[in-house]
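K.L.:
Sharing a structure with you now.
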Amino acid sequence: VIEKLRLSNCLNIKTTPHALDAFVTKKSKELFTELDVLSEKELEARYEILLHNYKLRVQIESRVMGDLALSTIIPTAVKYQNTLIENVRGLKEILNGEFKKLSGTQVKMITEISERISVIQENVSAMIEERKKANAITDTRKQAVAYCEKVFPYFETIRYNVDKLELLVDDDAWPLPKYREMLFTR
1240 VIEKLRLSNC LNIKTTPHAL DAFVTKKSKE LFTELDVLSE KELEARYEIL LHNYKLRVQI
1300 ESRVMGDLAL STIIPTAVKY QNTLIENVRG LKEILNGEFK KLSGTQVKMI TEISERISVI
1360 QENVSAMIEE RKKANAITDT RKQAVAYCEK VFPYFETIRY NVDKLELLVD DDAWPLPKYR
1420 EMLFTR
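Heads up: the sequence shown begins at 1240 in my numbering, then just goes up one per residue.
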């Protein structure tokens, strides 16, 4: 038994749907059935369930991420951006000639916030489109792979830009706990 459990080549498969394929290889099926752990049908059923659960988790996380970005993060960033714009207008009115020297930081922040909002919006929209395409797939494995390869990659870009907005937007204006606040919460 121990000899059969020994792996001939240890693979580092980094994505869940591809790693789950090991469940239904000929070698795995033989091992599970020979040891009376699972029948071939039971193994196939568990494989389908695991793929389906993976797809559901990515689907739910992408929906929550998209909703949170569109309904909370972007409106907060726009509101804070408008506060900065009003600040720059006030500086321009008061300082006249000295304005350019003193308003550079605020103008850069306004620009960066605008760029990050655009990137988030574009990626959320693209992620939603990929999710729609993946949902149209009827084969469980192909659907899980589509979620893995087409939907999940948007997470990193969206999160990165939201994290950057979190650093730019004033603590009092940010509606969610910031990372540094969570680290030091008791």
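Backbone N, C-alpha and C define an ideal beta-carbon position, used for all residues, glycine too. Source: prediction; values computed, not measured.
(1) Please confirm whether ALA1373 and GLN1360 have their CB atoms less than 8 Å apart.
(2) Would you call ARG1302 buried or exposed, if buried means 16 or more other Cβ atoms sit within 10 Å of its Cβ?
(3) For a minimum of 3 consecutive residues, which ranges assigned as the beta strand (DSSP E) are wholly contained in the region 1318-1357?
(4) Would you mind sorting LYS1294 into buried or exposed? The rule is 16 or more other CB atoms within 10 Å of its CB.
(5) Which whole runs of the beta strand (DSSP E) in the region 1255-1324 are 3 residues long or more, in chain order?
(6) Please work out which residues of its chain come closer than 7 Å, Cβ to Cβ, to ILE1401, disregarding the five sequence neighbours upstream and downstream, and give them in chain order.
(7) Using three-state DSSP, classify LYS1389 as helix, strand or coil.
(8) Exposed or buried, VAL1317, counting other C-beta atoms within 10 Å across all chains shown (16 or more means buried)?
(9) Any contact between the region 1327-1336 and the region 1384-1395? By contact I mean 3 or more CB pairs, one from each, below 8 Å.
(10) If you draw a straight line from the C-alpha of LYS1253 to the C-alpha of LYS1266, how long is it?
(11) For the pair the region 1270-1280 and the region 1363-1371, tell me if three or more CB-CB distances fall below 8 Å.
P.N.:
Judging by the given coordinates:
(1) In this structure, GLN1360 does not lie closer than 8 Å to ALA1373 by Cβ.
(2) With fewer than 16 other Cβ atoms within 10 Å, it is exposed.
(3) With a minimum length of 3 residues, there is no unbroken run of beta strand (DSSP E) contained wholly in the region 1318-1357.
(4) Answer is buried; the Cβ neighbour count reaches 16.
(5) Within the region 1255-1324, not a single complete beta strand (DSSP E) segment reaches 3 residues in length.
(6) For the sequence presented, residue 1401 should be read as Val rather than Ile. Closer than 7 Å at the Cβ level, and outside the excluded window around VAL1401, lie ALA1308, ILE1312, ILE1359.
(7) Helix.
(8) Counting Cβ neighbours within 10 Å, VAL1317 comes out exposed, since fewer than 16 surround it.
(9) Too few Cβ pairs lie closer than 8 Å, so no.
(10) Answer to the nearest angstrom: the Cα atoms are 20 Å apart.
(11) The region 1270-1280, when compared against the region 1363-1371, does not touch it at the 8 Å Cβ threshold.
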